[in-house]
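This report refers to the structure that appears directly beneath it.
Residue numbers (this note's numbering): 221 to 549.
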């Protein structure tokens, strides 16, 4: 007797075989047209077997989900929700799987309160807001983030002023809001102002053809002679650089037992470097590098805020992905 757990695998195998059969059907006329080759390969249709296997695969996941949903832990409820969804993938609208999926998903969902981050207020607000706004659809399945508006509503209901909240109050507010976990973060930024370096009077010289003159050789043939000489130039080599770094350290605490679940540090940096050159003298004396650099001009370096914002965009994306990853696994 075949184990019920084999049905999902059989569905997958039949789907692969049908896909392969379709590719062969497409290939036969192409081979005949282009190279006059008759592909003698029998094609079998597995649609009937697939239609028989799908309800059995759906039933396997449905029964497995029912069994898992009896245990109230979030882990089991999440597994149950995943299995109800798999049943629906095989047979859309299968029994009451959609309704039970919603129930299990709700029971499995973690609610995360994100408290204001410590650090430069402009940067911290931006990263926090971006992270909430760009929460991926995948992570939304089992993660609910309490946003700023929802938090303000909770604070108003509890007659609390956000600016006066202490660490202990935040833990309390987390519980009042129905949050399971609370995320706090600290952001540290550093900026290296623009530094200019000029290498002065770099000597350049090269032997070049200064002119040509004609002469008649001993047998009366007119020839051309090159008159060579050394040309010189002085180069001023300009360099300009600056940089910024941003470090975000966050931790997620379980409000049920105050245990630290995750402690992560994310780092980002942005560097600016520009070089150009000016010269006096004969351009022909310049080497390949300086010939290229004299085509460039000075340009403005990005400001501190511009550099930090660029890093903040990257860090907010990393943060969103990392936090989502904690709840996807």
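All C-beta atoms in this analysis are idealised placements derived from N, C-alpha and C, irrespective of residue type, glycine included. What you are looking at is a predicted structure, and each value in this text was computed from that prediction instead of being measured.
Item checked: Span of the alpha helix (DSSP H), counted from its first residue to its last, around residue 441 -> Annotation for residue 441: no alpha helix (DSSP H) segment contains it, and DSSP assigns it neither H nor E.
Item checked: Buried versus exposed call for residue 432 [16 or more other C-beta atoms within 10 Å across all chains shown] -> Burial call: exposed.
Checklist line | Reduced DSSP secondary structure (H/G/I, E/B, other) of residue 478 | finding: Three-state DSSP puts residue 478 in coil, outside helix and strand.
Check: With burial defined as no fewer than 16 other Cβ atoms inside 10 Å of the residue's Cβ, what is the status of residue 408: buried or exposed?
Finding: Under this definition residue 408 is an exposed residue.
Note to self: What does the Cβ neighbour count give for residue 617, buried or exposed, with the cut at 16 atoms within 10 Å?
What the structure shows: The question about residue 617 has no answer, for the chain in this structure spans 221 to 549.
Item checked: Continuous alpha helix (DSSP H) assignments of at least 4 residues falling wholly in the stretch 406-467 -> The stretch 406-467 contains no whole alpha helix (DSSP H) run of 4 or more residues.
Notebook entry, point to check: For the candidate residues 538, 492, 514, whose alpha-carbon lies nearest to that of residue 500?
Noted result: Looking at 538, 492, 514, the one whose alpha-carbon comes closest to that of residue 500 is 514.
Checklist line | Of the listed residues 296, 248, 231, 314, nearest to residue 362 (C-alpha basis) | finding: Of the candidates 296, 248, 231, 314, 296 places its Cα closest to the Cα of residue 362.
Item checked: Reference residue 399; option with closest CA among 472, 454, 456 -> Of 472, 454, 456, the residue nearest in Cα terms is 472.
Check: Which partner residues of residue 470 appear in the DSSP bridge assignment?
Finding: Beta-bridge pairing links residue 470 to 405, 484.
Margin query: Determine whether the beta carbon atoms of residue 451 and residue 504 lie at a separation below 8 Å.
Written below: Less than 8 Å separates the beta-carbon of residue 451 from that of residue 504.
Check: If you follow the beta strand (DSSP E) that residue 365 is part of, which residue opens it and which one closes it?
Finding: Residues 363-366.
Notebook entry, point to check: Per DSSP, what kind of secondary structure is residue 338 in: helix, strand or coil?
Noted result: Residue 338 falls in the strand class under three-state DSSP.
Next item on the list: Check residue 501 in the structure and name its three-state DSSP category.
Entry: Per DSSP, reduced to three states, the secondary structure at residue 501 is strand.
Notebook entry, point to check: If you draw a straight line from the alpha carbon of residue 529 to that of residue 371, how long is it in whole angstroms?
Noted result: Distance between the alpha carbons of residue 529 and residue 371 is about 26 Å.
Next item on the list: Could you tell me which residues DSSP puts in a beta bridge with residue 330?
Entry: Bridge partners of residue 330: 363.
Check: By DSSP, does residue 520 sit in helix, in strand, or in coil?
Finding: DSSP places residue 520 in the coil class of the three-state scheme, outside both helix and strand.
Checklist line | Cα-Cα separation between residue 221 and residue 270, rounded to whole angstroms | finding: Any reading at residue 221 needs caution, since the residue's pLDDT is 47, under 50, leaving its predicted position unreliable; the model's value is listed next. For residue 221 and residue 270, the distance between alpha carbons rounds to 19 Å.
Check: residue 491 by DSSP, collapsed to three states: which one?
Finding: Three-state result, residue 491: strand.
Notebook entry, point to check: Between residue 486 and residue 535, which are expected to be in contact by the criterion C-beta below 8 Å, what is the C-beta distance as a whole number of angstroms?
Noted result: Sure, about 6 Å apart at Cβ, within 8 Å.
Check: Does the separation of the CB atoms of residue 347 and residue 539 fall below 8 Å?
Finding: Yes.
Check: Which stretch, first to last residue, makes up the alpha helix (DSSP H) that contains residue 269?
Finding: Residue 269 -> alpha helix (DSSP H) spans 267-289.
Item checked: Enclosing alpha helix (DSSP H) for residue 302 [first to last residue] -> From DSSP, the alpha helix (DSSP H) with residue 302 extends over 294-310.
Note to self: Using the three-state DSSP reduction, which class does residue 221 fall into: helix, strand or coil?
What the structure shows: Note that residue 221 scores 47 on pLDDT, short of 50, meaning its location in the model is unreliable and no value can be drawn from it.
Item checked: Beta-bridge pairing of residue 496 - partner residues as DSSP gives them -> Residue 496 is bridged to 458.
Item checked: From 343, 273, 282, 242, residue whose alpha carbon lies closest to that of residue 410 -> Comparing Cα positions, the closest option is 343.
Margin query: So, does the stretch 516-533 touch the stretch 458-476, judging by three or more C-beta pairs under 8 Å?
Written below: They touch, by the three-pair rule.
Check: What is the residue span of the alpha helix (DSSP H) that residue 508 lies within?
Finding: Going by DSSP, residue 508 is part of the alpha helix (DSSP H) stretching over 508-513.
Check: Using DSSP with H/G/I as helix, E/B as strand and the rest coil, what is residue 256?
Finding: In the three-state DSSP reduction, residue 256 falls in the coil class, being neither helix nor strand.
Check: To the nearest angstrom, how far is it from the Cα of residue 550 to the Cα of residue 359?
Finding: Nothing in the structure corresponds to residue 550, since the chain is present only between 221 and 549.
Next item on the list: Please name the residue in 425, 304, 544, 328 whose C-alpha comes closest to that of residue 511.
Entry: Measuring from the Cα of residue 511, the nearest candidate turns out to be 425.
Notebook entry, point to check: Any contact of the stretch 305-325 with the stretch 427-442, i.e. 3+ C-beta pairs under 8 Å?
Noted result: Short answer: they don't touch.
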